[in-house]
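Residue numbers 262 to 414, in the numbering used here, belong to the letters of the sequence shown in order.
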Amino acid sequence: MEGMKLSHLPLRLATGAYILNSGLGKRGLEGEAAQGIHGFASTTLPSPLKQMDSTQFAKLLSGTEIALGAALMAPFIPSVLAGAALAAFGGGLMTMYLRTPGMRQEGSVRPTEAGISLAKDVWLVGAGLTLVLDDVLLRRRALPAAVHRRQVR
Numbered sequence: 262m263e264g265m266k267l268s269h270l271p272l273r274l275a276t277g278a279y280i281l282n283s284g285l286g287k288r289g290l291e292g293e294a295a296q297g298i299h300g301f302a303s304t305t306l307p308s309p310l311k312q313m314d315s316t317q318f319a320k321l322l323s324g325t326e327i328a329l330g331a332a333l334m335a336p337f338i339p340s341v342l343a344g345a346a347l348a349a350f351g352g353g354l355m356t357m358y359l360r361t362p363g364m365r366q367e368g369s370v371r372p373t374e375a376g377i378s379l380a381k382d383v384w385l386v387g388a389g390l391t392l393v394l395d396d397v398l399l400r401r402r403a404l405p406a407a408v409h410r411r412q413v414r
């Protein structure tokens, strides 16, 4: 497995820095701020996370964002792994968007004014899947050449 491709550098650095900053901003959240994040997320989260203390949840979310942001920016982390993690994280945000009442226009996936802040995170899913697909397709293209080289020897 290889690390970061040069062509992935702008996407991974920009996305990683954005997510890392978000995680750093959530460090130390307590009280009403932590309760607000936990309360909003708990409408769509699995039961074990709903049972979690709001301050503990804020720490978990902060740590997740810090780890994901750092992984995206680390050149030794393969793009397929960083992309899969990014797509999963973005998928969680999209799940919140789709399941939270009032985020979408009636009978549509189009966001309401209140839903724009979550709907915009669809770019995380797209960026993650782009990294994964590019890595997978690159390996697929390289495979026939490697097989051909072995047969010629």
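Virtual Cβ for every residue (Gly too), placed ideally from N, Cα, C.
What is the DSSP secondary structure of residue i, reduced to helix, strand or coil?
i	result
P372	strand
R288	coil
Can the beta-carbon of residue i be found closer than 8 Å to that of residue j?
i	j	result
L274	M357	no
G352	L281	no
L285	I327	yes
V393	A348	yes
A345	A332	no
S296	S283	Position check: residue 296 holds Gln in this sequence, whereas Ser was assumed. No, these two residues do not count as a Cβ contact at 8 Å.
M265	P372	no
G376	R360	no
If we ignore side chains and look at the alpha-carbon of each, how far apart do residue i and residue j end up?
i	j	result
L290	T325	14 Å
K311	L390	28 Å
T276	V386	11 Å
D395	S268	10 Å
L306	E367	22 Å
T362	M313	Here residue 362 is Pro; the residue named in the question, Thr, does not match the sequence. Rounded to the nearest angstrom, the two C-alpha atoms are 22 Å apart.
P271	D382	18 Å
A294	F318	11 Å
L322	F350	10 Å
K320	L399	37 Å
W384	E374	18 Å
R401	T304	41 Å
S369	L379	15 Å
K287	S308	22 Å
Would the region 282-300 and the region 333-350 be scored as touching if the rule is three or more Cβ pairs under 8 Å?
-> no
Ignoring anything shorter than 4 residues or poking outside the region 307-343, list the alpha helix (DSSP H) runs there in chain order.
-> 308-311, 315-334
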